[in-house]
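J.: Dropping the structure in here first, questions after.
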Amino acid sequence: MMTAAVFSRTVTRGEDGALSVGGVDVRELAGRFGTPLYVVDEEDMRARAAAFRDSFTTAFGRHGAKVDVYYASKAFLSSKVARWMRAEDLCMDVASGGELELALRGGMPASHIGLHGNNKSDAELRRALEVGVGRIIVDSFTEIETLDAIAREMGTVAPVLVRVTTGVHAGGHEYIATSHEDQKFGLSLAAGAAFEALVECHDAEGIDLRGIHTHIGSQILSLAAFQESAERMLGLRAAFRAEVGVDLPEVDLGGGYAIRYTPHGEELTPQDAAAGMAEAVAAAVEKVGGSWPHLSIEPGRAIAGPAGMTLYRVGVVKRVDLDEGGERQYVAVDGGMSDNMRTITYEAEYTATVASRLSDAEPALSRVVGKHCESGDIVVRDVDLPHDTARGDLLAVPATGAYGRVMASNYNSVLRPAVVAVRDGEAELLVRRDTLEDLFSWDVAPD
208 MMTAAVFSRT VTRGEDGALS VGGVDVRELA GRFGTPLYVV DEEDMRARAA AFRDSFTTAF
268 GRHGAKVDVY YASKAFLSSK VARWMRAEDL CMDVASGGEL ELALRGGMPA SHIGLHGNNK
328 SDAELRRALE VGVGRIIVDS FTEIETLDAI AREMGTVAPV LVRVTTGVHA GGHEYIATSH
388 EDQKFGLSLA AGAAFEALVE CHDAEGIDLR GIHTHIGSQI LSLAAFQESA ERMLGLRAAF
448 RAEVGVDLPE VDLGGGYAIR YTPHGEELTP QDAAAGMAEA VAAAVEKVGG SWPHLSIEPG
508 RAIAGPAGMT LYRVGVVKRV DLDEGGERQY VAVDGGMSDN MRTITYEAEY TATVASRLSD
568 AEPALSRVVG KHCESGDIVV RDVDLPHDTA RGDLLAVPAT GAYGRVMASN YNSVLRPAVV
628 AVRDGEAELL VRRDTLEDLF SWDVAPD
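Below, the structure written as structure tokens:
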């Protein structure tokens, strides 16, 4: 059973029961590109990017403030996606040298790129300075010292934001909550490390201190958490102004807005997020005083996630009696944890539907599982699928546009899936499927 709210905006079901996305039948996509297959609804993805841009520009513009929206390359990145985001007037955050090069390859101006990471290498810092990234978000005193030395050696100045751990707890699984004290990211506000880092950056000859950055987590629904974080960040900015006499021009409040993964899930829309964030910053400015900074936000998965789905081919179907009575239908597909790590890593919940035909069979409690040698190899833990689900059927799992392909692996020496974009009846390859030649190219053959 298809729930439209979970699928991207151009997904429809025909009279014969087959899904189409972007005007292309999923059976055609599977036949042409194989399965598993990541399918990106280009119209949906670009519309979501534009919605964040317009909503935040309008909401903050009412206060005379400017705001930039940063696309999360870690959610999904290809050179063509970078080109889309540039066309929609977004900036981009990257967290590695590889992501930086892909963004540049797609035409994203270096000045619109922010380099993240808690352990950037010397080579990554040098490359960022060489191409002229707009901001480097420093994460430790070690990095501040290293970056200062590299910038002076290169005869340049590094544009810097200091990443602040505000102590505001938000998000879903503990592994994606990023602003509590006992974790690897940022410099503590409560312990005074953030203020000390600001002073060190201000005094460093090779650093141009632009402002402060925080990110409190991912899959967040609570605007109250953002309000508290904004108040603490602007309080830090005010304290620095009072102590050092410098008004930091930029504040990045992160993001991580929740998306809907299942029919019963919730999301934080761009409109609600923008209105709530503008209200939060306005309240914080009124409380701590000072001018509005130039702001930036990072929607995270909220642009890429809902715009994608994964197509699988069903292989084995078996039914297992449950201890409490009844049975569970196990539907094994031709992918699994190698193309979606989130279920086994974060206990993430998804839904699924038979995508290639109609069925009037009774629904059966089902578990969609992969083909790997792990009992935890689960794609969808609990979903109702037709009792006649059979070998050869196509299954569609929505909301997989973020963290699918970028976290994919070759576990069991499987080949990572392709990524295809669809729009206006046309399909375009974004990332090709692995080949056996790729697999062999990494292997050092015996003499």
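Heads up, this note's numbering is the position in the sequence shown plus 207, with the first residue counted as 1.
Glycine included, each C-beta is placed from N, C-alpha and C at the ideal position.
List the whole-angstrom C-beta distance separating P243 from L518, where the pair is believed to meet the contact cut-off of C-beta under 8 Å.
T.: 7 Å
J.: Between the Cα of R508 and those of T476, V627, S262 and P570, spot the shortest distance and give me the residue it belongs to.
T.: T476
J.: For D261, report the span of its alpha helix (DSSP H) as first-last.
T.: E249 to G268
J.: Can you give me the start and stop residues for the alpha helix (DSSP H) that P477 sits inside?
T.: Start and end: P477 to V495.
J.: Whole angstroms are fine: how far does the CA of G497 sit from the CA of I414?
T.: If you draw a straight line from the Cα of I414 to the Cα of G497, it comes to about 24 Å.
J.: Quick check on M315: does DSSP put it in helix, strand or coil?
T.: coil
J.: Just confirm the distance between the C-beta atoms of L368 and I344, as a whole number of angstroms; I'd bet it's less than 8 Å.
T.: 5 Å
J.: Can you have a look at F283 and say buried or exposed, based on whether 16 or more other CB atoms are within 10 angstroms of its CB?
T.: buried
J.: Out of E222, D223 and R234, point me to the one whose CA is closest to A603's CA.
T.: R234
J.: Have a look at V218, R467 and E403 and flag the residue whose alpha-carbon is nearest the alpha-carbon of G229.
T.: V218
J.: Among G321, L226, A266 and G314, whose alpha-carbon lies nearest the alpha-carbon of S286?
T.: G314
J.: Do R370 and G393 have their beta-carbon atoms positioned less than 9 Å apart in this structure?
T.: yes
J.: Would you identify the three-state DSSP class for S573, choosing helix, strand or coil?
T.: strand
J.: Do the segment 402 to 413 and the segment 480 to 492 touch if we need at least three Cβ pairs shorter than 8 Å?
T.: no
J.: What's the C-alpha gap between G577 and A485?
T.: 43 Å
J.: Tell me which residues share the same chain as K273 and place their Cβ nearer than 6 Å to its Cβ, disregarding the 5 neighbours each side in the sequence.
T.: Only H501 meet the Cβ criterion.
J.: Indicate the three-state DSSP secondary structure (helix, strand or coil) for E222 in the structure shown.
T.: coil
J.: Quick check: the segment 541 to 550 against the segment 566 to 573, are at least 3 beta-carbon pairs closer than 8 Å?
T.: no
J.: For M292, report the span of its alpha helix (DSSP H) as first-last.
T.: S286 to A294
J.: At the level of alpha carbons, what is the spacing between R293 and L529?
T.: 51 Å
J.: Taking Cβ to Cβ, would you say I419 is nearer than 9 Å to E450?
T.: no
J.: Just verifying my parser: in three-state terms, what is the DSSP assignment at L646?
T.: helix
J.: Considering only C-alpha positions, which residue in the set G305, I357 and A609 is nearest to A411?
T.: I357
J.: Restricting to Cα atoms, I'd like to know which of E474, F402, M440 and V453 is closest to L428.
T.: E474
J.: Return yes when the Cβ of R239 is within less than 9 Å of the Cβ of A480, no when it is not.
T.: no
J.: Alpha carbon to alpha carbon, how far is R269 from L332?
T.: 37 Å
J.: Taking 8 Å as the cut-off, does the segment 321 to 331 touch the segment 296 to 305 (at least 3 CB pairs, one atom from each stretch)?
T.: yes
J.: At which residues does the beta strand (DSSP E) containing L602 begin and terminate?
T.: L601 to P605
J.: How long is the line joining the alpha carbons of Y382 and Y553, rounded to whole angstroms?
T.: Annotation note: pLDDT 40 at Y382 (below 50); position unreliable, coordinate value reported separately. Their Cα atoms are separated by approximately 7 Å.
J.: Given P653, which residues of its chain have a CB within under 8 Å of its CB, disregarding the five upstream and five downstream residues?
T.: none
J.: State the CB to CB distance for the pair Y277 and G611, rounded to an integer number of angstroms; the pair is presumed to be in contact (CB under 8 Å).
T.: In fact, because the Cβ distance is near 21 Å, the residues do not count as touching under 8 Å.
J.: Figure out for me which residue from T349, G424 and Q426 has the closest Cα to the Cα of A400.
T.: T349
J.: From S582 to L622, what does the alpha carbon distance come to, in whole angstroms?
T.: Answer to the nearest angstrom: the Cα atoms are 20 Å apart.
J.: Closest by CA to Q434, which one among D454, A482 and R417?
T.: A482
J.: Distance, Cα to Cα, H319 vs D296?
T.: 10 Å
J.: For Q426, tell me which candidate among S620, S503, V651 and A606 has the shortest Cα-Cα distance.
T.: Comparing Cα-Cα distances from Q426 to each of S620, S503, V651 and A606, the minimum goes to A606.
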